[in-house]
Amino acid sequence: MVALAKHARVLSPIALVATFAGLIAAQPTTDPLAGPTISDQTDDHPESLVRVGYDGLIRPPEAPPAIAALRLLDLTDEERQPIDELLGERWTIFDRLVREHALLLAQIEPVMTAGGGAEKAEVIREGLVALQPVRASGRLRDRLGAALPPEKRPRYASLLAEYDQAFYEQMRRTGEADGPWAYRMKRYWDDIAWELERAAERVFQEEDTDGLATLVERLELSTDQEARIRTMAEAAYIESGGFLSKDEEQRLFTRILDELQWDQRLKLLGMALRGELDKNDEMNP
């Protein structure tokens with residue numbers, strides 16, 4: 014049951030971005046972008062991060078610009094080593110953040126949608142506290158730039174400057190930003206959201222034994238059944254703060270049974286009685 018629940022993802026990283034960016038934009042800090050972002054996926058354009066789609070709008074790179082720009086520098090393995098080490102440390106911070114604050118991340122969207130002013134202020138306060146290790150480490154682009162060979166730093170800086178200028182001008186035209194501060198806040202929180210999503214994927218797959226895939230195959234679950242059971246597992250994992258008790262596992266197991274047809278229930282109970290679920294730590298009825 015635990016492994017099945019670990020298919021859960023953080024449900025609201027994008028909500029964290031939107032709410033934080035909007036509600037603390039009027040509260041500048043010494044460095045509003047003091048908090049990096051990471052990624053192992055990068056834009057593949059050979060010359061520039063700025064790519065314009067058929068609609069005339071800039072297509073954002075698949076990763077935060079600070080990371081996407083690295084692929085355009087033709088780094089050697091030796092030059093890439095300190096970059097990889099820096100990003101590895103970054104992953105560790107985000108993974109720990111997701112593990113320790115999964116419940117908080119899940120609360121953000123409903124609180125910011127329907128909560129009162131005091132509730133919103135509290136979830137923002139808690140979120141900023143949770144993100145302190147990220148914010149305290151400084152801007153990722155600055156750290157990456159310092160880790161690059163001196164001869165490649167100007168190219169890296171120019172790639173980011175070009176993207177920032179083009180995207181800022183687009184946001185001004187579309188009314189998404191009324192000044193540099195608004196752009197910087199959006200850029201920062203968009204990157205944070207990307208990082209949280211990647212961290213959630215890593216964390217919830219780390220100890221996964223593919224329990225849901227086993228159920229889908231063995232019980233011949235329909236697409237709708239799979240979706241409903243996945244949602245249950247996600248909710249149970251997050252509501253428990255990431256650690257399901259035996260009672261919580263039992264309740265989740267019972268709820269899953271309710272989603273099954275009689276023949277599927279018999280198959281699942283048979284799997285449980287034969288110890289097939291315990292063997293993979295997928296469920297423990």
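If you number the sequence shown the way the working numbering does, the last residue is 298 and the count never jumps. Ideal placement from N, C-alpha and C gives every residue a C-beta, glycine not left out.
Contact check, residue i vs residue j under 8 Å by CB: the rounded distance?
{"i": "Leu-225", "j": "Arg-243", "result": "6 Å"}
{"i": "Ala-179", "j": "Ile-71", "result": "6 Å"}
{"i": "Arg-241", "j": "Glu-210", "result": "Their Cβ separation, rounded to whole angstroms, is 22 Å, which puts Arg-241 and Glu-210 out of contact at 8 Å."}
{"i": "Leu-99", "j": "Arg-156", "result": "6 Å"}
{"i": "Leu-172", "j": "Glu-139", "result": "Actually they are not in contact, since the Cβ atoms of Leu-172 and Glu-139 sit about 35 Å apart, beyond 8 Å."}
{"i": "Val-124", "j": "Lys-133", "result": "6 Å"}
{"i": "Ala-212", "j": "Asp-90", "result": "Not confirmed; about 26 Å, so no contact."}
{"i": "Val-65", "j": "Ile-106", "result": "With 8 Å as the limit, Val-65 and Ile-106 do not qualify as a contact, their Cβ atoms being about 34 Å apart."}
Could you give the distance in angstroms between the alpha-carbon of residue i and the alpha-carbon of residue j?
{"i": "Asp-237", "j": "Leu-270", "result": "14 Å"}
{"i": "Leu-144", "j": "Leu-110", "result": "7 Å"}
{"i": "Gly-129", "j": "Trp-207", "result": "27 Å"}
{"i": "Leu-286", "j": "Leu-257", "result": "21 Å"}
{"i": "Thr-227", "j": "Glu-135", "result": "40 Å"}
{"i": "Ala-149", "j": "Ala-160", "result": "18 Å"}
{"i": "Pro-162", "j": "Glu-92", "result": "7 Å"}
So for residue i, helix, strand or coil by DSSP?
{"i": "Val-63", "result": "coil"}
{"i": "Thr-50", "result": "Interpretation of Thr-50 is limited by its pLDDT of 35, a score under 50 that renders its predicted location unreliable; no figure is taken from the coordinates."}
Take residue i and list the residues in its own chain whose beta-carbon comes closer than 8 Å to its own, dropping the five residues that flank it on each side.
{"i": "Tyr-5", "result": "No answer is possible for residue 5: the residues shown for the chain start at 14 and end at 298."}
{"i": "Lys-280", "result": "Arg-231, Leu-232"}
{"i": "Glu-60", "result": "Leu-85"}
{"i": "Pro-95", "result": "Ala-160"}
Apart from the five residues on each side of it in sequence, which residues of its chain come closer than 6 Å, Cβ to Cβ, to residue i?
{"i": "Tyr-176", "result": "Leu-62, Val-63, Pro-78"}
{"i": "Glu-239", "result": "Val-229"}
{"i": "Thr-267", "result": "none"}
{"i": "Gly-101", "result": "none"}
If I measure Cβ to Cβ from residue i and keep anything under 7 Å in the same chain, skipping five residues before and after, which residues do I get?
{"i": "Ala-249", "result": "Ala-18, Leu-257, Glu-261, Leu-265"}
{"i": "Leu-282", "result": "none"}
Which parts of the segment 127-163 are runs of the alpha helix (DSSP H), unbroken and 4 residues or longer, counting only runs that do not cross its ends? Counting only runs of 4 or more, we get 130-143, 145-149, 153-160.
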